[in-house]
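Chains as they are written, first to last, in the numbering used here: chain A, 1 to 424; chain B, 425 to 848. Don't be surprised by glycine CBs; every beta carbon is placed ideally from N, CA and C. These numbers were taken from a predicted model, which means no experiment stands behind them. To keep things clear, I will list the structure first and then write my remarks on it.
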């Protein structure tokens with residue numbers, strides 16, 4: 001199946017490349033040409049040709065940290081602090097969730113990802129086997145991360161999932177991970193360290209999300225969570241952390257040394273009053289920053305435009321400097337760094353050989369006018385109304401406000417309402 | 425012209441009224457019935473009947489402080505502090521703007537207001553006569569505010585505009601105002617005070633937006649801007665302030681005593697690193713808080729969903745308390761208080777006799793599912809994609825992503841690109 005997307009403005013996100021007018025050609029799920037029109041291979045016939053009408057193509061947004069299946073709890077228990085919310089509202093309900101529940105609830109999140117131009121998600125949630133099914137059937141690129149902790153599952157299950165769920169389908173993967181320092185005993189962390197050494201695997205985890213959590217680790221171990229994990233060899237093969245709101249400079253030194261990434265979740269951190277992550281400090285240290293929505297119960301929505309604006313707006317407030325973290329830096333976090341923070345390196349730019357995870361931004365909307373600077377327009381003024389098309393793995397799953405016919409939208413809505421009623 | 429909006433969930437924003445299933449009837453530009461279906465007058469014929477398909481009707485959002493015509497400068501000069509941005513980038517270009525420029529640039533903003541469910545704007549900008557024409561032709565409810573300062577216009581012009589532009593058309597009004605303390609000599613403020621006493625008129629102004637501005641006034645006069653205006657009798661007939669990021673408790677006492685309102689502009693204040701306004705403190709004092717986008721050059725977009733989320737998210741960060749400023753409070757600011765902060769009292773709720781400024785929220789979008797709490801869904805998860813209809817003064821101006829045929833969208837886009845090129 002070959003495709004041609006022509007009459008477009010193209011923002012490749014390849015370092016040093018400016019936006020230009022041209023076209024993209026695709027064969028199956030890979031990009032075969034990016035450049036001016038007419039292409040060198042003008043005259044070639046394509047199975048499908050899409051006129052982009054002067055709109056912008058860029059690599060899809062990467063939601064590098066989320067808990068998709070938590071759609072069940074949207075608007076259920078807001079305005080609470082993190083520990084009350086988790087212990088009293090979320091954990092008791094999650095205990096009642098079945099793999100099938102997670103399957104449908106994940107699909108609900110995927111619908112929202114499409115409307116927001118998100119083409120891949122880093123998903124730490126229950127029942128990875130049913131998330132695998134949901135992703136493959138839906139067509140969502142999903143890099144799962146183990147959320148192992150002292151309540152489960154076993155190390156054997158983690159190892160089995162790592163072996164079974166990787167390389168089974170090009171859309172889905174499974175990364176080594178633990179939920180957080182505060183939900184794992186030291187012995188468990190040591191066993192995980194052995195496992196990642198066996199597979200030479202990078203590790204991902206929630207870290208230093210709240211001040212309390214960060215300080216309690218220091219009380220417990222005499223060192224920060226970052227330093228503790230380093231001392232246990234958990235960063236020996238890289239990886240990264242989610243949140244990192246309270247990381248100190250010494251933590252950033254470890255991150256730089258180990259090549260770790262940080263995924264910031266600004267809406268969730270604001271809504272739970274966890275704080276503002278030190279984005280400018282990470283960037284100055286040369287640490288790659290990516291962006292995540294976190295789960296739809298703490299955020300509550302899965303809107304990458306809101307996250308992108310928050311990254312820069314909150315940095316400007318935190319640094320008391322309107323020059324902090326400019327628009328192009330934010331776009332790089334959203335399109336490029338987010339892929340890397342999921343250990344994906346084939347969908348971070350529009351270039352020959354890369355995966356065709358592409359979105360189209362509608363410039364014929366009032367919030368995109370006048371057209372003085374397209375990347376600033378996207379980051380400072382963009383909204384989900386500007387997502388004219390979302391393509392994952394070469395397939396158009398969302399276009400002009402409509403989902404692809406292969407997606408059973410009404411069934412997803414109905415199943416999720418039923419599940420939510422049961423869990424309430 | 426009579427209309428019936430049926431099969432709806434209705435959030436009237438009348439204090440104490442819960443959301444219910446029902447219908448709204450309209451005659452001309454006024455609401456004639458709000459209640460259960462079938463109405464008491466079942467059997468009446470209507471000129472138009474709109475099936476709301478189970479979606480939500482609520483009063484339109486009120487953008488209580490903006491500079492609509494600044495669309496020309498969107499993405500032109502970002503990442504600068506307020507004074508550099510104003511003095512070096514904005515003022516020199518504004519000096520070249522014609523009334524016709526402002527006419528087209530305002531219409532571009534109005535398009536964006538419609539996509540965001542904004543049914544009225546409080547607009548402080550150049551050339552009120554051409555803004556009047558733009559609003560009336562477009563059908564946008566616009567309450568203009570004088571931006572008088574030491575560079576112009578004269579007091580005579582202000583008085584003439586006050587007399588001529590009020591009560592000329594039900595959609596448009598003109599309020600007394602000055603740009604700010606720091607752009608007005610004391611003698612000018614004294615003359616404005618005489619004028620507002622002549623007309624017993626409330627006054628609106630930018631105030632305490634930046635720390636520098638607030639502190640320089642204290643140096644100059646030995647008192648805060650709020651206290652200075654009070655000492656000059658400028659609050660004798662009420663009114664309000666825009667921004668109020670740095671107001672002190674004593675300022676709030678004056679505001680409470682004088683019945684003043686504050687319009688917060690969270691995106692603009694964040695982007696310019698001006699700070700986070702003390703919303704919780706205003707609410708505790710019993711001061712009505714409204715929301716504005718500020719102009720599209722400092723924000724840069726005119727998206728009320730982004731503003732609503734920022735109001736609550738930034739309050740939670742500022743207070744270090746996830747319970748600060750809940751969703752229903754934010755909706756009240758957006759739909760009700762915003763009207764009052766424009767001195768409008770006929771469009772703040774869905775009730776018999778009120779103006780038909782109504783929006784419809786699309787629940788058949790993934791970000792609105794599941795439906796556990798509609799006001800939380802709107803504030804925490806809502807986006808412009810959920811605006812299914814925007815009605816102003818009884819006329820549907822935007823529906824299902826399309827603007828009304830009476831609106832010349834392409835001409836607005838083209839004129840604004842031309843104007844922007846000339847001003848660049």
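Residue 771/B and residue 758/B - do their beta-carbons sit closer together than 8 Å?
Walking along the second chain from the start, residue 758/B turns up at place 334. Walking along the second chain from the start, residue 771/B turns up at place 347. For residue 758/B and residue 771/B, no; Cβs fall outside 8 Å.
C-beta atoms of residue 110/A and residue 68/A nearer than 8 Å
For this step, residue 110/A is matched to residue 110 along the first chain. For this step, residue 68/A is matched to residue 68 along the first chain. Yes. Within cutoff.
Which of helix, strand or coil does DSSP assign to residue 434/B?
Position 10 of the second chain, counting from 1, holds the residue named residue 434/B. Here residue 434/B sits in strand by DSSP.
Enumerate in chain order the residues of its own chain whose CB-to-CB distance from residue 713/B is below 7 Å, with the five nearest sequence positions on each side excluded.
Residue mapping note: residue 713/B aligns to position 289 of the second chain, counting from 1. So the list reads 686, 688, 703, 706, 707, 757 and 761, once near-sequence residues are dropped.
Candidates 799/B, 581/B and 820/B: closest to residue 442/B by CA position
Along the second chain, one-based indexing puts residue 442/B at 18. Minimum Cα distance to residue 442/B is reached at 799/B.
Label residue 584/B either buried or exposed according to how many other C-beta atoms from any shown protein chain fall within 10 Å of its C-beta, with 16 as the threshold for buried.
To locate residue 584/B, count along the second chain from 1; it is residue 160. Exposed: under 16 other Cβ atoms inside 10 Å.
Taking the continuous beta strand (DSSP E) assigned at residue 59/A, which residues delimit it?
Residue mapping note: residue 59/A aligns to position 59 of the first chain, counting from 1. From DSSP, the beta strand (DSSP E) with residue 59/A extends over 56 to 59.
Could you have a look at residue 776/B and say whether DSSP puts it in helix, strand or coil?
The count along the second chain starts at 1 and reaches residue 776/B at position 352. Residue 776/B falls in the coil class under three-state DSSP.
Segments assigned alpha helix (DSSP H), at least 4 residues, entirely inside the stretch 592 to 642 of chain B:
610 to 623
Check whether the Cβ atoms of residue 740/B and residue 271/A sit closer than 8 Å, and answer yes or no.
Position 316 of the second chain, counted from the start, is the residue given in the question as residue 740/B. Position 271 of the first chain, counted from the start, is the residue given in the question as residue 271/A. Cβ atoms of residue 740/B and residue 271/A: closer than 8 Å.
Residue 57/A vs residue 360/A beta-carbon contact at 8 Å
Numbered from its first residue, the first chain carries residue 57/A at position 57. Numbered from its first residue, the first chain carries residue 360/A at position 360. Against a cut-off of 8 Å, the Cβ pair of residue 360/A and residue 57/A comes out as a contact.
Can you tell me the Cα-Cα spacing of residue 410/A and residue 214/A, whole angstroms?
Reading the first chain from its first residue, position 410 is the one you call residue 410/A. Reading the first chain from its first residue, position 214 is the one you call residue 214/A. Spanning the two alpha carbons is a distance of roughly 43 Å.
Using the Cβ count rule (16 or more neighbours within 10 Å means buried), how would you classify residue 113/A?
Translated into the one-based positions of the first chain, residue 113/A becomes position 113. Flag for residue 113/A reads buried.
Tell me whether the beta-carbon of residue 677/B lies closer than 8 Å to the beta-carbon of residue 648/B.
As a working mapping, residue 677/B is identified with position 253 in the second chain. As a working mapping, residue 648/B is identified with position 224 in the second chain. Taking 8 Å as the Cβ cut-off, residue 677/B and residue 648/B do not qualify as a contacting pair.
Those runs of the alpha helix (DSSP H) which lie wholly inside the stretch 742 to 771 of chain B and span at least 4 residues:
Runs of the alpha helix (DSSP H) lying entirely within the stretch 742 to 771 of chain B, each at least 4 residues long, are 751 to 756 in chain order.
With 8 Å as the limit, tell me which residues of the stretch 389 to 402 of chain A have their beta carbon closer than that to any beta carbon of chain B; keep them in chain order.
401
Give a yes or no on whether 8 Å exceeds the smallest Cβ distance from residue 436/B to chain A.
Mapped onto the second chain, residue 436/B falls at position 12. False, the Cβ-Cβ gap to chain A never drops below 8 Å.
Is it buried or exposed for residue 343/A, if we count other Cβ within 10 angstroms and need 16 for buried?
Counting from 1 along the first chain, the entry for residue 343/A is found at position 343. Answer is buried; the Cβ neighbour count reaches 16.
When every heavy atom of the ligand MG is checked, does at least one fall within less than 7 Å of the C-beta of residue 803/B?
Annotation note on the ligand MG: not contained in the displayed structure, which lists no ligands.
Under 9 Å, CB to CB, which of the residues in the stretch 261 to 280 of chain A have a partner in chain B?
266, 267, 269, 270, 271, 272, 273, 274, 275 and 276
Which residue marks the beginning of the beta strand (DSSP E) containing residue 813/B, and which one marks its end?
As a position in the second chain, residue 813/B is number 389, starting the count at 1. Its beta strand (DSSP E) spans residues 811 to 816.
Any contact of the stretch 654 to 661 of chain B with the stretch 624 to 635 of chain B, i.e. 3+ C-beta pairs under 8 Å?
Yes, since at least three Cβ pairs between the stretch 654 to 661 of chain B and the stretch 624 to 635 of chain B fall closer than 8 Å, the two stretches touch.
Is residue 226/A near residue 175/A, with beta carbons less than 8 Å apart?
Locating residue 226/A in the first chain gives position 226, where the first residue counts as 1. Locating residue 175/A in the first chain gives position 175, where the first residue counts as 1. Contact flag unset, no.
Does residue 750/B get closer than 8 Å to chain A when you measure Cβ to Cβ?
Walking along the second chain from the start, residue 750/B turns up at place 326. For residue 750/B, the answer is yes, since a Cβ of chain A falls inside 8 Å of its Cβ.
Residue 6/A to residue 400/A span [Cα, whole Å]:
Position 6 of the first chain, counting from 1, holds the residue named residue 6/A. Position 400 of the first chain, counting from 1, holds the residue named residue 400/A. Residue 6/A and residue 400/A: Cα-Cα distance of roughly 17 Å.
Listed by chain order, chain B residues near residue 321/A by CB distance under 7 Å:
Stepping through the first chain from its first residue, residue 321/A is reached at position 321. Near residue 321/A (Cβ distances below 7 Å), the residues of chain B are 697.
Are the CB atoms of residue 173/A and residue 166/A nearer to each other than 8 Å?
Your numbering for residue 173/A matches position 173 in the first chain. Your numbering for residue 166/A matches position 166 in the first chain. Taking 8 Å as the cut-off, the Cβ atoms of residue 173/A and residue 166/A count as close.
Nearest by alpha-carbon distance to residue 146/A: which of 105/A, 242/A, 62/A and 220/A is it?
Working through the first chain from its first residue, we reach residue 146/A at position 146. When each option's Cα is compared against that of residue 146/A, the closest is 242/A.
Entirely within the stretch 73 to 160 of chain A and at least 4 residues each: give me those alpha helix (DSSP H) ranges in chain order.
91 to 94, 99 to 115 and 128 to 138
In angstroms, rounded to a whole number, what distance separates the CA positions of residue 747/B and residue 843/B?
Counting from one through the second chain, the residue named residue 747/B turns up at place 323. Counting from one through the second chain, the residue named residue 843/B turns up at place 419. Cα to Cα, the separation comes out at about 46 Å.
Check the Cβ-Cβ distances between residue 304/A and every residue of chain B, and say whether any is below 8 Å.
In the first chain, the residue the question calls residue 304/A occupies position 304. Judged by the 8 Å Cβ criterion, residue 304/A is not in contact with chain B.
What is the residue span of the alpha helix (DSSP H) that residue 705/B lies within?
The count along the second chain starts at 1 and reaches residue 705/B at position 281. Note, residue 705/B: alpha helix (DSSP H), 703 to 708.
Would a C-beta distance cut-off of 8 Å place residue 484/B and residue 718/B closer than the cut-off?
Indexing the second chain from 1 puts residue 484/B at position 60. Indexing the second chain from 1 puts residue 718/B at position 294. No, these two residues do not count as a Cβ contact at 8 Å.
Does DSSP classify residue 33/A as helix, strand or coil?
In the first chain, residue 33/A corresponds to position 33, counting from 1. Strand at residue 33/A.
Would a check of beta-carbon distances place residue 725/B closer than 8 Å to chain C?
Going by chain labels, chain C is absent from the structure shown, which instead holds the protein chains A and B.
Is the beta carbon of residue 425/B less than 8 Å from the beta carbon of residue 467/B?
Residue mapping note: residue 425/B aligns to position 1 of the second chain, counting from 1. Residue mapping note: residue 467/B aligns to position 43 of the second chain, counting from 1. For residue 425/B and residue 467/B, no; Cβs fall outside 8 Å.
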